[in-house]
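Residue numbers (this note's numbering): 7 to 574.
Below is the structure:
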């Protein structure tokens, strides 16, 4: 299409080539000529016809025509589609890989991971898998909150009410539930008790100075929190390891040099005793310049400073040329200011893309924050237990033939897949309404529906005495396709373009929509096109189509971090 525009005399034109919304008219549609024609004061249909005359795609298209005000409709030939499907379908890996550094999950330690951490954890993990599948180098960063004021609040509370726990060897320090209670109480007292607040700030100073007892207590609390986090990542099948952890504490020694760099460039100024940067374009509610605080009057650093150090490390230390952050939408302004200051200070080179991808909150059906009966955010461990319990009630009555071990594996896989898919299938920017019945439904755009389709295909192949790989290698000539066969074949070949678009726009719900559409087209194919009872060539061809559908579905779900099961 681009070559055809150039041959028509239009350089560097975007054909705006999209999937046709009218499958009865075309497979693809190019609309870019309409805007160009208006700018050149040429009739759009005449320009479109000139492009068509210069379009050399006879080997792949059976029909190309101009429609409406100047749309170019393209229908691919069945012969081309079958030739592409007869080759082993595999993702094309980019020839120009980025180093993509992805900041996700990043819980605060000494607290239980809860439902509020789900979207960052699941979305970030899915995007990391997608970038890897496309051939990019991915560096995962788990920026855990293991430093600063929250830890000071915890230490002050422990020293005040349970001084025996201040001994870092006390086994109770390894009980996260004990730590969580102390953290909650300390956090509440910090706001209204000046004496306690002073003690908490002193604990932070001791930690930063390396006071041995405070550091030993910090290490114990950190390890107890990390152990709980590791278990949840294992249950959720999240690809984050200890090697990916680079928390706030990791940057403590780098903060003085960040301050010095900003001072030396004349970017840091004092305001009310604190050190700040005033990036251009940011205003407070009263219209006055909005500061980014770097260092408090007592010398303590803030998380803004830590985030600046992290940007420098991720670009200079890790070589990242695309930095992605997944947090909720409440942090939009923080990241806008962070990126602005990073550019001003030269912490991120011009060629490095800094991207904050904010997401909405998880709410109940009434639009309120999704919380437990106690009023706190639902712990992830309880959420997963509930998911498995509800999945067991859905699946157990339908598959009594499954052995106990296989049944539990299916239940855990479907439960986790249902939660992940429900979050990923919604547009990032929107709030997600948590609805157990909807996410566990065997109908509609849900993980159970897609997983059931995968197991259905494998069952068909097994009855033919084949597995997915064997059926994909079958030899079959082109036969007279039905509409359902053609629709499935065309959809199978759209996987690559979908993943490329997901990586460009960072919208995993595009992949979910594609997988649901592919599954729906397979189900229509399955209902209307007998497989095992067909003649040899047709049978082999339909088995090949089914196997390609299974492979594409399973690969796509894998990119989302969702495992499949052979029987469901």
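The C-beta atom is built at its ideal place from N, Cα and C for all residues, glycine as well.
Check your understanding: DSSP three-state call for residue 332: helix, strand or coil?
Key -> coil
**Study point:** Rounded C-alpha distance that separates residue 265 from residue 207
**Key:** 21 Å
Exercise for review: Specify the secondary structure class of residue 488 as computed by DSSP and reduced to three states.
Suggested key: coil
Exercise for review: Compute the Euclidean distance between the alpha carbons of residue 571 and residue 441, then round it to the nearest angstrom.
Suggested key: 23 Å
Point to revise | Three-state secondary structure assigned by DSSP to residue 78 | key: strand
Exercise for review: Taking residue 64 as the reference, give the member of 80, 157 and 222 with the closest Cα.
Suggested key: 80
Review point. Leaving out the 5 sequence neighbours to the left and right, which residues in its chain are closer than 8 Å to residue 138 when beta-carbon positions are compared?
Key: 144
Exercise for review: Entirely within the segment 31–76 and at least 3 residues each: give me those beta strand (DSSP E) ranges in chain order.
Suggested key: 34–36 and 67–73
Check your understanding: Using 8 Å as the threshold, is the segment 285–296 in touch with the segment 335–353, meaning 3 or more CB pairs across them?
Key -> yes
Point to revise | Beta-carbon proximity list for residue 559, same chain, < 7 Å, skipping 5 on both sides | key: 456, 459, 460, 521, 524 and 525
**Study point:** Spatial neighbours of residue 376 in its chain, beta-carbon cut-off 7 Å, leaving aside the 5 residues before and after
**Key:** 121, 368, 369, 370, 384 and 440
**Study point:** residue 362, enclosing beta strand (DSSP E) - first and last residue
**Key:** 359–362
Review point. So, are the CB atoms of residue 566 and residue 132 less than 8 Å apart?
Key: yes
Exercise for review: Answer yes if the segment 545–557 comes into contact with the segment 475–483, meaning at least three C-beta pairs across the two stretches below 8 Å, and no otherwise.
Suggested key: yes
Check your understanding: Going by the beta-carbon positions, is the gap between residue 172 and residue 223 smaller than 8 Å?
Key -> yes
Practice item. Using only alpha-carbon positions, find the residue among 503, 502, 467 and 528 that is nearest to residue 490. Key: 528
Exercise for review: Could you pull the start and end residues of the beta strand (DSSP E) that residue 298 belongs to?
Suggested key: 298–301
**Study point:** Collapsed DSSP secondary structure at residue 573 in the structure displayed
**Key:** coil
**Study point:** Between the CA atoms of residue 399 and residue 542 - distance to the nearest angstrom
**Key:** 42 Å
Practice item. Answer with buried or exposed for residue 239, where buried requires no fewer than 16 other C-beta atoms within 10 angstroms of its C-beta. Key: buried
Check your understanding: In terms of alpha-carbon separation, which member of 92, 72 and 28 lies closest to residue 475?
Key -> 92
Check your understanding: Hey, how far is the Cα of residue 225 from the Cα of residue 260?
Key -> 20 Å
Check your understanding: Could you give the residue range of the alpha helix (DSSP H) that holds residue 304?
Key -> Per DSSP, residue 304 belongs to no alpha helix (DSSP H) and is neither H nor E.
Point to revise | Rounded distance between the beta-carbons of residue 111 and residue 123, thought under 8 Å | key: 6 Å
Review point. Does the beta-carbon distance from residue 622 to residue 498 come in below 8 Å?
Key: The structure shown does not extend to residue 622, since the chain is modelled only from 7 through 574, so no value can be given for it.
Check your understanding: Alpha carbon to alpha carbon, how far is residue 75 from residue 349?
Key -> 45 Å
Review point. According to the neighbour-count rule (16 or more other Cβ atoms, all chains shown, within 10 Å of its Cβ), is residue 167 buried or exposed?
Key: exposed
Point to revise | N-terminal and C-terminal residue of the alpha helix (DSSP H) that residue 339 is part of | key: 338–350
Review point. Does DSSP put residue 479 in a helix, a strand or coil?
Key: coil
Exercise for review: Go through its chain and collect everything with a Cβ distance to residue 366's Cβ below 7 Å, but skip five positions before and after it.
Suggested key: 335, 435, 436, 437 and 438
**Study point:** CA nearest to the CA of residue 532, picked from 556, 72 and 177
**Key:** 556
Review point. Residue 23 lies in the beta strand (DSSP E); which residues open and close that run?
Key: 23–25
**Study point:** 4 or more residues per run - each alpha helix (DSSP H) lying fully within the segment 227–311
**Key:** 261–270
Practice item. Work out the CA separation of residue 251 and residue 236 for me, nearest whole Å. Key: 11 Å
Check your understanding: So, residue 104 versus residue 142, is the Cβ gap smaller than 8 Å?
Key -> yes
Exercise for review: Inspect the beta-carbon positions of residue 140 and residue 505 and report whether they are closer than 8 Å.
Suggested key: yes
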